[in-house]
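Presented below is the structure to which this report refers.
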Amino acid sequence: LPTVDPEIIGASLRPFEDRSVDIATLGVEIVRDEEKTNPNVVKIVGSPRSATRLKALYFTRATAPWGEGPLYHHIGLYAYRRAALERFVALKPSPLERRERLEQLRALEAGMRIDAEIVKSLPLGVDTPHDLERARQILSS
1250 LPTVDPEIIG ASLRPFEDRS VDIATLGVEI VRDEEKTNPN VVKIVGSPRS
1300 ATRLKALYFT RATAPWGEGP LYHHIGLYAY RRAALERFVA LKPSPLERRE
1350 RLEQLRALEA GMRIDAEIVK SLPLGVDTPH DLERARQILS S
């Protein structure tokens, strides 16, 4: 996330206001149609907890959830409570994690709670060779 705004990093801590949250992360509403079906864009399927927070139920590369309403792009920045991090690193990769290639599913399958703070801007993620080239262009200018 070479272009991440420091305010977004701070926003990742807001879900910890709820003591039952083990892991906090970020999301942004998907506004470009091509991102909705792009498997390189990980989507958060969640239950709203407030206007800017979702309790994550699932993360997927598929277009989900089905039907009317917003879709959320997962921003791969995580904050962990210490005990949650210790537990997470001791877990073996889970079946859904291996299938979707998404490590956060290991935590969900183990019963850990992940909440996502919804922010307004999407930092550049570097997940593909095309993303790397874009990052190089941005950082060199």
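Using this note's numbering, the first residue of the sequence shown is number 1250, and each one after it goes up by one.
A virtual CB, placed ideally from N, CA and C, is assigned to each residue, including glycine.
Nearest neighbour of residue i, chosen from the options [CA to CA]
i: residue 1336; options: 1261, 1351, 1257 and 1271; result: 1271
i: residue 1304; options: 1333, 1325 and 1273; result: 1273
i: residue 1254; options: 1362, 1347, 1326 and 1354; result: 1326
i: residue 1256; options: 1375, 1366 and 1374; result: 1366
i: residue 1340; options: 1348, 1350 and 1354; result: 1354
i: residue 1360; options: 1262, 1307 and 1348; result: 1307
i: residue 1263; options: 1299, 1334 and 1285; result: 1299
Three-way DSSP call (helix, strand, coil) for residue i in this model
i: residue 1341; result: coil
i: residue 1258; result: helix
i: residue 1387; result: helix
i: residue 1369; result: coil
i: residue 1278; result: strand
i: residue 1348; result: helix
i: residue 1376; result: coil
Delimiting residues of the beta strand (DSSP E) encompassing residue i
i: residue 1295; result: 1292-1299
i: residue 1328; result: 1321-1329
Start and end residues, alpha helix (DSSP H) containing residue i
i: residue 1354; result: 1353-1358
Beta-carbon separation (whole angstroms), residue i vs residue j, contact threshold 8 Å
i: residue 1369; j: residue 1277; result: 7 Å
Cβ contact check for the stretch 1379-1389 and the stretch 1313-1326: 3 or more pairs under 8 Å: No, the stretch 1379-1389 does not touch the stretch 1313-1326.
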